[in-house]
Amino acid sequence: MAVQQKQGAGFPELGPDRVLNLAEKALGVPCNNLFRPMNSYINRVFEIETRDRVRLVIKFYRPGRWTKEAILDEHRFLLDLAAEEIPVVAPCQLSGGGTLVEADNLLFAIFPKCGGRSVDEFTEDQWLQLGRLLGRVHAVGAAESAKNRIVMAPGRSTRDQLDFLIASSSVPADLKTPLQEAGLAIIGDIDPLFPASGMIRIHGDCHFSNIIHRPGESFYLIDFDDMAMGPPIQDIWMLLPGDASEAFVELDLFLEGYETFRPFDRRTLRLIEPLRAMRYIHYMAWCAHQVEGDGLTRAIDGFGSREYWQKEIADLVDQRQRIAEGPKSFGNML
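Note that this note's numbering gives residue 44 to position 55 of the sequence shown, counting from 1, and the numbers run on in steps of one.
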């Protein structure tokens, strides 16, 4: 997706001198002059290098987007995963103790640089590997809670996102009521399907772009910005090719690998279409946050136009009908 990168109203100027000075103070070691901006829709991220040529990534969190406590929940999850030798990129322990620094009204962390390539299509063995990876992640995720992260339930997170949209200047005034009605109808239909007891720490935004492969090593799960308390199926459905009910082979292989480390409740496959509807609303709110954050950043062309909102409202109505029709057959999986 094309995105216009601007400094943004939420960020003060982050030039090389300022960033490298903050990095040196946090790390307790001198840095070289390497300063390379990296792509990020929300945060400000730069590649840096220590004097002994260790490549690192310094990440400045968008002010007001997460609380300090919420970021620390993310870091704790990553450190818990790394402690079990699960391939993730955990934050560095810094010279002042801890993983998060607050300076000049900014919150930032430093991570090892971890390169890799995306994989568009998985082999059968790779589906098994992915299943094992997510099974291990969720086994660790289930061991603790994250009290400061969103709970991925329609009546909570999705309702908050819908309320934000209705209050947003991004939605034309005469389309706010149709959008609200479509969103509330879906929330009312699907909220009873989400039992509170099934919520664990999850990645939250698990799709192809957030999985990289390092040749000779394994898959790495990256970008835990959207980490949440939610149902495990949320980290699975976006990986499946096409309609989940037609991805029997891939899903079966994935779950075979997953259940090596953790049982999977196949009844939650019925949550895929409700989660897709929640994703629609989440993505609309995400785009609106970017525009209202600096007035410039757009993840997609045409966002905010009448045509955009008319299509989104129609898609919500269609998705509600799809949910009402019930899941297509999952064979013997349910």
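Every residue, glycine too, gets a C-beta built ideally from N, C-alpha and C.
Going by the beta-carbon positions, is the gap between residue i and residue j smaller than 8 Å?
i      : j      : result
Ser159 : Gly293 : yes
Glu133 : Arg190 : yes
Gly124 : Thr249 : yes
Leu16  : Leu83  : yes
Ile175 : Leu305 : yes
Asp178 : Ile302 : no
Leu244 : Phe237 : no
Rounded to the nearest angstrom, what separates residue i and residue j at their Cα positions?
i      : j      : result
Gln115 : Thr257 : 23 Å
Gln308 : Ala266 : 6 Å
Ser186 : Ile99  : 34 Å
Leu240 : Val77  : 23 Å
Arg51  : Gln279 : 10 Å
Gly105 : Gly172 : 38 Å
Tyr209 : Val108 : 11 Å
Val129 : Glu73  : 8 Å
Asp69  : His127 : 11 Å
Asp180 : Asn94  : 38 Å
Val90  : Phe97  : 5 Å
Arg255 : Met27  : 39 Å
Met216 : Arg295 : 32 Å
Val18  : Cys103 : 20 Å
Glu235 : Ala162 : 40 Å
Phe0   : Ala156 : 23 Å
Pro204 : Ala233 : 28 Å
Using a Cβ-Cβ cutoff of less than 6 Å, which residues in the same chain neighbour residue i once the five nearest sequence positions on both sides are dropped?
i      : result
Ala142 : Phe183
Pro80  : His64, Thr88, Ala98, Phe100
Ser207 : Pro76
Glu281 : none
With a threshold of 7 Å on Cβ separation, who are the neighbours of residue i within its own chain once the five nearest residues in sequence on each side are excluded?
i      : result
Phe213 : Glu63, Phe66, Leu67, His192
Cys20  : Leu9, Ala12, Glu13, Ile37, Glu38, Thr39, Arg40
Leu23  : Glu36, Ile37, Glu38
Asn32  : Lys48, Phe49, Tyr50, Arg51
Ile270 : Thr147, Gln150, Leu151, Gly172
Ala92  : Leu11
Leu154 : Val160, Leu168, Met273, Ala274, Ala277
Tell me which same chain residues have a C-beta within less than 8 Å of the C-beta of residue i, skipping the five on either side of it?
i      : result
Leu242 : Glu113, Trp116, Leu117, Gly120
Ile222 : Thr257, Leu258, Leu260, Ile261, Leu264
Arg145 : Ile139
Val34  : Pro26, Met27, Asn28, Val46, Ile47, Lys48, Phe49
**Q.** Runs of beta strand (DSSP E) lying entirely within the region 248 to 277, each at least 3 residues, in chain order
**A.** none
Q. Touching or not, the region 126 to 137 and the region 163 to 179, by the rule of three or more beta carbon pairs under 8 Å?
A. Using a Cβ-Cβ distance cut-off of 8 Å, the region 126 to 137 and the region 163 to 179 are not in contact, since fewer than three pairs of beta carbons, one from each stretch, lie closer than that value.
(Q) Assess contact between the region 225 to 235 and the region 194 to 207, defined as three or more Cβ pairs (one per stretch) separated by less than 8 Å. Is contact present? (A) yes
Q: Taking only runs that begin and end inside the region 96 to 166, name each unbroken alpha helix (DSSP H) of 4 or more residues, in chain order.
A: Listed in chain order, the complete alpha helix (DSSP H) runs (minimum 4 residues) inside the region 96 to 166 are 113 to 130, 148 to 156.
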